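Numbering (this note's numbering), first residue to last: 441 to 751.
We treat Cβ as the ideally placed atom computed from N, Cα and C, and that holds for glycine.
Keep in mind the model is a prediction, meaning the values are calculated, not measured.
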Ligand code: NAD
């Protein structure tokens, strides 16, 4: 299957790299407003192809995306350039919505014209509002975003490191929105089927202290990375590469991704079944009353924010 990556800055390049290494696509086309950049990234990775299973990676224009089954959009203003790196700013990544709606208004109609059947996977921030904007611009519903998959990996990692178990053995989700108001589902976090709260009590650890420090580390992980290397990129590249693989292989795997949620009338990030046509079913994990209220609050805010663009 042909895959297009639109926007080949730090995130798009990391996504392309993850995809070349996973080698599930036969053809990857890189499109960027800065064609020279797309060409350089494609050329650089092309020279590594003899070491990977056969994949063609080239730069291109929209015409070269004809027949693509999946398009990954990573184009747009990032946190550093868009002034969204202040930990005390409640708007967080929502600051990037206005400039990035403009970018999507440019990209999505051109994409849909040449690849009307492509599933669209969004990594650009803020992902849930951009799912709604993209559905509207594309006129179809095969739109999903990486959303809280990355936050959930961060949650699993921090739990695993503090509790000294492998992250693969931790089941824990972050839901709602990829951002400051994401909801960490402590009530359903499990290790070997045992609730994390029970494991902490057994080890004599206090849940409230443990919880505060993990929530801070998960919510602001991107800013710590941006302070060091200017942009959060490799983790999201690995996530986008993995979700692309799920679509390409029609895996029906479950990840917390952003998709339109009819119950709330807006896109939210929840564990969802993903395959060749995008999201086929949105699940509702076990949640406490507070966690449910957190998701509902996110939904209200996101709906309000999106409405200003879809009038
Ligand atoms: P970047 O500035 O390095 O790259 C952006 C690229 O988009 C540039 O190459 C630019 O030329 C291209 N572009 C801009 N407008 C375009 C258009 N109309 N058509 C085609 N290409 C266009 O930024 P980045 O660090 O790669 O970040 C990209 C986006 O990903 C940002 O919104 C950032 O916040 C987001 N991001 C998301 C996550 C996540 O977890 N979902 C993590 C990190 C970054």
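With the cut-off set at 7 Å, would you say residue 516 and residue 559 are in Cβ contact? As a working mapping, residue 516 is identified with position 76 in the chain shown. As a working mapping, residue 559 is identified with position 119 in the chain shown. It is not a contact, given that the beta carbons lie outside the stated cut-off.
Based on the DSSP output, what are the partners of residue 710 in its beta bridges? What you label residue 710 is simply residue 270 of the chain shown in a count that begins at 1. According to DSSP, residue 710 bridges with 697.
Determine the burial state of residue 549: buried for a count of at least 16 other Cβ atoms within 10 Å of its Cβ, exposed for fewer. As a first step, residue 549 must be located in the chain shown, where it is residue number 109. Under the 10 Å beta carbon count, residue 549 is surrounded by fewer than 16 other beta carbons and is classified as exposed.
Give, in chain order, every unbroken run of the beta strand (DSSP E) that is at least 3 residues long and sits entirely within the region 503–571. The region 503–571 contains these whole beta strand (DSSP E) runs: 510–513, 559–562.
Per DSSP, which residues does residue 444 bridge with? Please list them. Walking along the chain shown from the start, residue 444 turns up at place 4. Checking the DSSP bridge columns, you'll see residue 444 partnered with 469, 511.
For residue 609, count neighbouring Cβ atoms within 10 angstroms of its own Cβ and tell me buried if that reaches 16, exposed if not. Working through the chain shown from its first residue, we reach residue 609 at position 169. Classification of residue 609: exposed, given that the 10 Å Cβ count is below 16.
To the nearest angstrom, report how far apart residue 678 and residue 654 are at their CA atoms. Working through the chain shown from its first residue, we reach residue 678 at position 238. Working through the chain shown from its first residue, we reach residue 654 at position 214. The C-alpha of residue 678 lies about 22 Å from the C-alpha of residue 654.
Status (buried if at least 16 other CB within 10 Å, exposed otherwise) for residue 502: Residue mapping note: residue 502 aligns to position 62 of the chain shown, counting from 1. Residue 502 is buried by the Cβ-count criterion.
Along the alpha helix (DSSP H) that carries residue 591, what are the first and last residues, could you check? Translated into the one-based positions of the chain shown, residue 591 becomes position 151. Element bounds for residue 591: 588–603.
Any heavy atom of the ligand NAD within a distance shorter than 6 Å of the CB on residue 564? Locating residue 564 in the chain shown gives position 124, counting from the first residue. For residue 564, the shortest C-beta to heavy atom distance toward the ligand NAD is below 6 Å.
Which same chain residues end up closer than 7 Å to residue 462 when comparing Cβ atoms and leaving out the 5 residues on each side of it in sequence? Your numbering for residue 462 matches position 22 in the chain shown. In the same chain as residue 462, and ignoring 5 residues on each side of it, the C-beta atoms closer than 7 Å to its own belong to 681, 685, in chain order.
Tell me whether the region 572–588 and the region 739–751 touch, counting them as touching only if at least three CB pairs, one residue from each stretch, are closer than 8 Å. Contact holds between the region 572–588 and the region 739–751, because three or more Cβ pairs, one in each stretch, are under 8 Å apart.
Can you name, in chain order, every residue of its own chain whose Cβ lies under 8 Å from the Cβ of residue 449, other than the five neighbours on each side? The sequence position of residue 449 within the chain shown is 9, counting from 1. Setting aside the 5 residues that flank it on each side, residue 449 is surrounded in the same chain by 472, 477, 514, 515, 518, 671, each with a C-beta closer than 8 Å to its C-beta; the list follows chain order.
Comparing C-alpha positions only, which one of 442, 446, 452, 443 sits nearest to residue 674? Looking up residue 674 in the chain shown gives position 234. Comparing Cα-Cα distances from residue 674 to each of 442, 446, 452, 443, the minimum goes to 452.
Where the alpha helix (DSSP H) containing residue 655 begins and where it ends: Position 215 of the chain shown holds residue 655. 647–659 is the extent of the alpha helix (DSSP H) around residue 655.
Output yes or no for whether 7 Å exceeds the beta carbon distance between residue 735 and residue 616. Translated into positions along the chain shown, residue 735 becomes position 295. Translated into positions along the chain shown, residue 616 becomes position 176. Yes, Cβ-Cβ distance for residue 735 and residue 616 is below 7 Å.
Mind reading off the beta-carbon distance from residue 510 to residue 561? Whole number of angstroms is fine, and I expect it under 8 Å. Position 70 of the chain shown, counted from the first residue, corresponds to residue 510. Position 121 of the chain shown, counted from the first residue, corresponds to residue 561. About 6 Å separates the two Cβ atoms, so the contact holds.
Below 7 Å between beta carbons: does that hold for residue 700 and residue 693? The sequence position of residue 700 within the chain shown is 260, counting from 1. The sequence position of residue 693 within the chain shown is 253, counting from 1. The Cβ atoms of residue 700 and residue 693 lie no closer than 7 Å to each other.
Residue 447 CB to nearest heavy atom of the ligand NAD below 6 Å: Counting from 1 along the chain shown, the entry for residue 447 is found at position 7. Because some heavy atom of the ligand NAD lies under 6 Å away, the Cβ of residue 447 counts as near it: yes.
For residue 681, which three-state DSSP category applies? In the chain shown, residue 681 corresponds to position 241, counting from 1. Three-state DSSP puts residue 681 in a helix.
Which whole runs of the beta strand (DSSP E) in the region 470–500 are 3 residues long or more, in chain order? Counting whole runs of 3 or more residues, the region 470–500 contains the beta strand (DSSP E) stretches 496–499.
Run the proximity test for residue 547: is its beta-carbon closer than 6 Å to any non-hydrogen atom belonging to the ligand NAD? The residue you call residue 547 lines up with position 107 of the chain shown. At a cut-off of 6 Å, the beta-carbon of residue 547 counts as near the ligand NAD: some heavy atom of the ligand is closer than that.
Please state whether the Cβ-Cβ distance between residue 613 and residue 603 is less than 7 Å. In the chain shown, counting from the first residue as 1, residue 613 sits at position 173. In the chain shown, counting from the first residue as 1, residue 603 sits at position 163. No, they are not a contact pair.
Rounded to the nearest angstrom, what separates residue 591 and residue 541 at their Cα positions? The count along the chain shown starts at 1 and reaches residue 591 at position 151. The count along the chain shown starts at 1 and reaches residue 541 at position 101. Their Cα atoms are separated by approximately 23 Å.
Mind checking which residues open and close the beta strand (DSSP E) that includes residue 718? On the chain shown, residue 718 is found 278 positions in, with the first residue counted as 1. Per DSSP, residue 718 is one residue of the beta strand (DSSP E) stretching across 718–722.
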